[in-house]
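Participant:
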Amino acid sequence: MNITRDEAAAALSDIDATTGRLSQQRSYHISGPILMLWGVVWLVCYSAMGLLPPEQWGWTWLIGDALGIVGTIMLSSKACAPWQGVAGRGMGWRSLLAGLAIAAFIGATLSIFGVQDPNAFMTFPGIVCGAVYFIVGLLHRPRFLVIGTAVFVASLIGFFGFPDILPFWMAIVGGGGLLIGGLWMRSA
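Throughout, the numbering used here is defined as the position within the sequence shown, counted from one, plus 245.
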């Protein structure tokens with residue numbers, strides 16, 4: 246039995262599509278627990294911002310971010326299959342560096358503009374993370390697009406609509422949104 250050129254091309258196209266879907270599904274499966282971890286960090290740290298004086302916010306986030314970073318590396322490393330080799334294991338470090346670049350951007354921007362309004366200080370990380378997730382979703386993983394849009398819009402709704410309870414809004418809507426988004430990723 247001979248296979249025609251068109252049949253071979255169609256078979257290769259099917260294989261490529263299946264490989265892409267499996268890669269996306271695996272990516273979502275790995276990303277889910279990481280998003281849930283950061284959802285917990287946001288819940289705890291934003292809640293602390295609502296309860297503690299502003300002088301203690303930096304320490305709260307320093308500890309929360311450190312735990313989140315360590316957890317992200319551990320979850321990323323654990324999720325990589327042995328057959329992925331060095332490239333797969335390096336994903337945790339790339340994720341760490343990407344996270345540090347985003348944190349540096351947020352810190353530098355807040356320092357340069359000298360934010361005086363605590364609500365702007367609280368909202369900015371939410372809109373930056375939302376924008377980053379949106380871009381990742383636009384380029385690679387569509388579920389991130391939905392999560393990014395939700396975090397971005399919810400952050401702005403809190404800033405403009407609920408300024409008196411903003412830290413708790415960000416904890417519930419931002420942190421809770423990341424938790425729900427992580428569960429959604431996990432179910433892919």
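Heads up, the beta-carbon is just placed ideally off N, CA and C, and yes, glycines get one too.
1. Considering just the uninterrupted stretch of the alpha helix (DSSP H) at VAL396, what are its terminal residues?
2. Under DSSP, the alpha helix (DSSP H) around VAL377 begins and ends at which residues?
3. Helix, strand or coil: which one does DSSP assign to SER276?
4. Could you work out which residue in LEU411, LEU307, MET319 and LEU428 is closest to GLY295 when comparing CA atoms only?
5. Over what stretch of residues does the alpha helix (DSSP H) that includes ILE425 continue unbroken?
6. Exposed or buried, ILE357, counting other C-beta atoms within 10 Å across all chains shown (16 or more means buried)?
7. Between ILE275, VAL373, ARG250 and ASN247, which has its C-alpha nearest ARG386's C-alpha?
8. On the three-state DSSP scale, how would you describe VAL418?
9. Assign THR249 to buried or exposed, taking buried as 16 or more other Cβ atoms, counted over all protein chains shown, within 10 Å of its Cβ.
10. Taking the alpha carbon of PHE350 as the point to measure from, which residue in ARG339, VAL377 and PRO363 has its own alpha carbon closest?
Facilitator: Inspection of the coordinates gives the following:
1. 387–406
2. 363–384
3. helix
4. LEU411
5. 421–431
6. exposed
7. ILE275
8. helix
9. exposed
10. VAL377
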